[in-house]
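Chains as they are written, first to last, in our numbering: chain A, 142 to 565; chain B, 14 to 405; chain C, 132 to 375; chain D, 1094 to 1325. Here a beta-carbon is modelled for each residue, glycine too, at the ideal position from N, C-alpha and C. Here the structure is a predicted model, which is why all the values come from computation and not from measurement. Remarks on the structure that follows.
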């Protein structure tokens, strides 16, 4: 029976082609929209992750309790072995240490005395090692206003606004005054390699970025770091996985009693990001559901129309002595097949488009002024597991329900008049 | 054209149920497109709405030395509230803030804070300032945000010591009693902020009658030039958010396009089917003296008319719905168990007249194109075969 | 560490009592501890979150307006110098060969992670100029009898509105001091001990300074040697000396 | 004008592509028709009568030869001119009526007048007239699915006649009707032919129709096999 219907579908293009195309397009739109919304909503999350929270972050327990203060006296020590452990036990992440620190940047006059100074917020990150993706992660190259990225030890980036305030230029020397990990006075010279535009006033005010080794030297943090950021290898935040990996880490490495024992916190457990993660999850689910509802309506309508359209054929079959139930069932089986074939095609197409938009993004930098670090260059879709099945709901269910409804007419059709009406 | 419209209208009305099925589906698409777009803009505007409701009101006057990014300026950024504003303040249409830098000592830890003096009777901000209006305690009543509370590991009813230096630089310290904790999505209102009654802070600081920021309610308020104060209109205060919104809006256009495609799929399907089903009719039109191109026009108009009907139908139930949504907002409960409290976010869809009009026009345009596209087949039809319904 | 020394010395040495009893007592304290100039070496032990650090330094001071401190250890701090002239402060760091002025709000920052701020060492007004004092009782401290002096600010621009000092009744050396907020909240406590006789004066060689609102063991300040009335060349108190 | 020719066909050949070759549906037709005739193309299925009717109706074009209808050469007409010819001068009646199912009887009949841009009052009068001719005044608001076959065909006749065309082309108009209805319809047409002087050309193999014809043109394999004019 199914084989017979299937052959019919394949051979009678008018019966199969349009419905399958419609279902496939509908499913494609659904899958694509879901992936896009998830990516779009997740964008703020990713910006935060890249800039401050990572997808997960490893700190000492005490540091995590006081994260707001960036207390480097509570930094993690012995990180080379910890990083080895992380790489071995948690290979799903790319691990990178960062040090945040506060301090004062002081620019000298000709005699080496203070010409200007200002409070600075600093980031130490791996800028110099070959394998580090930090510069790309933060889009430093694009955000560069003057000069270049640090290429050798002792170089530092200043926010453009800050450099203007201090009246310093790339190539000149500035001195950082800060505290060492142990609280001592840290004074260290840097050469400005370039200046950056972040696009956010708080950061543009007084941000400095230097290679983490330099910062370690300056702050006396040998083999230590404030935080270790972990990024999922696919580059996208996955809250459930982040939470479970953090739990796994904390069960292995954590210690309740030692405030310097490392703890891992997912992005959603840092600062206000939890709210955002939840809201983004919630809203993208809601919006997708509503879209699926709308799409179901369209496909249901398509199924209904498709069924109505075939009343003539049904009439002939009934005339030939086929039972109503049989006709009805065969129409439904047909619609299931159409739904499946359309959904499979649609899902494949939707995933392909989503993949393209995930890989290459939709470039919006042209529409934005300047290239601020915190503004994404491109909006990207993001394929998540639901994308593999989400399209089947409107694709199959709606199509089949539409056909079922229109097929009810087969039972109700008692008079030739109704027949004629539908045929008209 | 007039005839085509007339005929298309008759054809659609005549087709009855089938037309209405399509129109209903399309009108749903309409409403959903506008609503979803509104929700998305609302989501983006949320930051701005929250900022307005919690932080900046309709705009502000800043003391000329005030620099929010440099807490060291706080000790110098205050002066008596200008007399020009007395009326507005009495009416409650302007609220003064006094801001001081301080330190808080939760469980022996130390943390820098901004102490904000706020009028407990204010109605410009959504802050639960009325909770400050209590004489039941010897400690200073204060409200803080949930992030701050989490940070302090403190809850309602807890006492924490704060320290500050008054106008003259003299150290002072006292206990605050947390009388309420609020949840807000504007970090600047939450993190590192402690709110206490304005008069308390003024007397603590020795700055009776002085303020750092004056926030007014209506962004349309006339701008007054007051020496020593800098006017910060809303556009400037939200410039950064606006930039972000611009980016998001750009990103949404894709979404918008996908939604449009959804509507078009419905039209396309209908159109292809009806062309297939109505061959004889097409043949008859030709026999009665229509050229095939005129028939293409008729079918195109018919398709486009679905959009017109749908727009009308949408207006009937959609406008009230959209208006109600914009007013009541859409509240989504969010599981935020890590905060130890349930939070809900109410999102107010934002739709401009431009959005509605452009959506209607765009749908109309695209519907027309989508209706035309399959109808082109008619132009290639052999009318004698069409008359016999022979075309597959 | 010299930073710590200054407020303590100012507390102890700069006396002009107003209340009669208190006045007399503070005068005796001044005679006991003040000098035109002094050179001392000290260790500052800072109890941090992770470890305690000891920093040693040598300080040259003339009156209360000028001081010059050179850090001797640990290695990281060695050679760092700090110069205070009136209300200006410079730090010289040999590793960077930079002389950096500390000014404005930077002065409120903690010095070397201690419980003291730069500002604490900058206030060089005489205590009797800014406080009214009064003996309010007696109390034994560490086995020695003391008078309790209550000091209340008579000017407004002062960091601590009220102070309380415990003065050894025999040796005229303060053994304890407490600093209060306007509200009366105890903010900081200084404990002075190991009182030794040096060049005929009684002098507390150890000071523990503690922020009472904050957890921790406070900052310990130990004078390992002190000499009074030395001849200190003027060039010491110049920016040029920082670089030497 | 009584006897003026409205159709003149010379050497008409019509071929259709079929498979790889061609099928010759009409092969050298020579025929003319005068004003006011009541004629029929008679022949079995496949004899080419519908093809000929369609060409005369400017729905199709000749492969060879010339077909002149009301002075216009069918093969040379642009689509617009052809449509104008149909719109202004021709009426069609089909075997399966081809009414607009979603439109009322009135609207169906009104349609050609709309195309001709008659003013509303005129249209109303003309439609009412046409309804009277076919005797369907009481069904004015009905829709085709609610009508019987005979009624449908009468609506179709009214639609074809309402604009008073010079020529009505009727393709097997009675094929879906019972005998009584068929006679009814034919009588109606005969009357209209008399009253309005409209020429009728049928394509049929129905004896009932044939019995009413005043000229019988027999087609066989794409040729005119016989052409019989019945006088009075």
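With 16 other Cβ atoms within 10 Å as the buried cut-off, status of residue i
i	result
residue 277/B	buried
residue 19/B	exposed
residue 330/B	exposed
residue 414/B	Residue 414/B is absent from the model: chain B starts at 14 and stops at 405.
residue 355/C	exposed
residue 1148/D	buried
residue 182/C	exposed
residue 337/B	exposed
residue 1113/D	exposed
Neighbour list for residue i in chain A, Cβ cutoff strictly below 8 Å
i	result
residue 264/B	181, 184, 503, 505 and 520
residue 211/C	326 and 328
Residues near residue i by beta carbon distance below 8 Å, same chain, minus five either side
i	result
residue 127/B	84, 87, 112, 113, 114, 115, 205, 206 and 207
residue 549/A	none
residue 352/B	In this predicted model, residue 352/B has a pLDDT of only 44, less than 50, meaning its place in the structure is not dependable; the value taken from the coordinates is given anyway. Cβ neighbours of residue 352/B beyond the five flanking positions: 159, 163 and 196.
residue 377/B	317, 320, 321 and 324
Within chain C, partners of residue i - CB distance below 7 Å
i	result
residue 222/B	Neighbours of residue 222/B on chain C: none; closest Cβ ~18 Å, over 7 Å.
residue 249/A	229
Partners in chain A for residue i, counting only beta-carbon separations shorter than 7 Å
i	result
residue 279/B	439 and 442
Cut-off 7 Å between Cβ atoms - residues of its own chain near residue i, not counting five sequence neighbours on either side
i	result
residue 12/B	Any property of residue 12/B remains undetermined from this structure, which presents chain B solely from 14 to 405.
residue 1253/D	1184, 1185, 1186 and 1261
residue 436/A	167, 170, 171 and 535
residue 314/B	17, 18 and 21
residue 1179/D	1150 and 1151
Neighbourhood of residue i by C-beta distance below 6 Å, restricted to the same chain and skipping five residues each side
i	result
residue 267/C	279 and 281
residue 261/A	244, 246, 347 and 349
residue 304/C	326, 333 and 335
residue 1234/D	1197
residue 230/B	70, 71, 106 and 137
Beta-carbon neighbours of residue i, restricted to chain B and to distances below 8 Å
i	result
residue 1208/D	16, 301, 302 and 303
residue 177/A	267, 268 and 271
Cross-chain neighbours of residue i in chain C, by beta carbon under 8 Å
i	result
residue 532/A	Per Cβ cutoff of 8 Å: no residues; residue 532/A is ~54 Å from chain C at best.
residue 182/B	288, 289 and 290
residue 296/A	Going along chain C, no residue has its Cβ under 8 Å from residue 296/A, so there is no contact; the nearest lies around 15 Å.
One or two residues paired with residue i in a DSSP bridge
i	result
residue 76/B	242/B
residue 168/C	193/C
residue 1263/D	1186/D and 1295/D
residue 233/C	220/C
residue 288/A	335/A
residue 227/B	74/B and 109/B
Interface partners of residue i on chain B, CB under 9 Å
i	result
residue 1152/D	296, 299, 300, 395, 396, 397 and 400
residue 255/A	Ordered by position in chain B, no residue passes the 9 Å Cβ test against residue 255/A, which lies about 17 Å from the chain.
Neighbour list for residue i in chain C, Cβ cutoff strictly below 9 Å
i	result
residue 176/B	312, 316, 318 and 344
Proximal chain A residues relative to residue i, where beta-carbon distance stays under 9 Å
i	result
residue 124/B	207, 209 and 210
residue 283/B	442, 443 and 446
residue 232/C	247, 254, 255 and 258
Could you run through the stretch 321–346 of chain A and flag, in chain order, every residue whose CB is less than 8 Å away from some CB of chain C?
Hits within the stretch, in order: 321, 322, 323, 324, 325, 326, 328, 329 and 330.
For the stretch 166–183 of chain C, enumerate the residues whose C-beta is nearer than 8 Å to any C-beta of chain A, in chain order.
Along the stretch 166–183 of chain C, the positions whose C-beta sits under 8 Å from a C-beta of chain A are 177, 179, 180, 181 and 182, read in chain order.
Contact list for the stretch 313–330 of chain B against chain D, Cβ threshold 7 Å
Going along the stretch 313–330 of chain B in chain order, one finds no residue with a Cβ nearer than 7 Å to chain D.
Residues of the stretch 201–225 of chain B with a CB closer than 8 Å to any CB of chain A: list them in chain order, please.
In summary, the residues of the stretch 201–225 of chain B whose CB is separated from some CB of chain A by less than 8 Å are 203, 204 and 205, in the order they occur in the chain.
Near-chain B residues of the stretch 338–371 of chain C - C-beta to any C-beta below 7 Å
For the stretch 338–371 of chain C, the residues whose beta carbon sits under 7 Å from a beta carbon of chain B are, in order, 344, 345 and 346.
Closer than 8 Å, Cβ to any Cβ of chain C: which residues of the stretch 304–318 of chain A, in chain order?
Flagged, chain order: 316 and 318.
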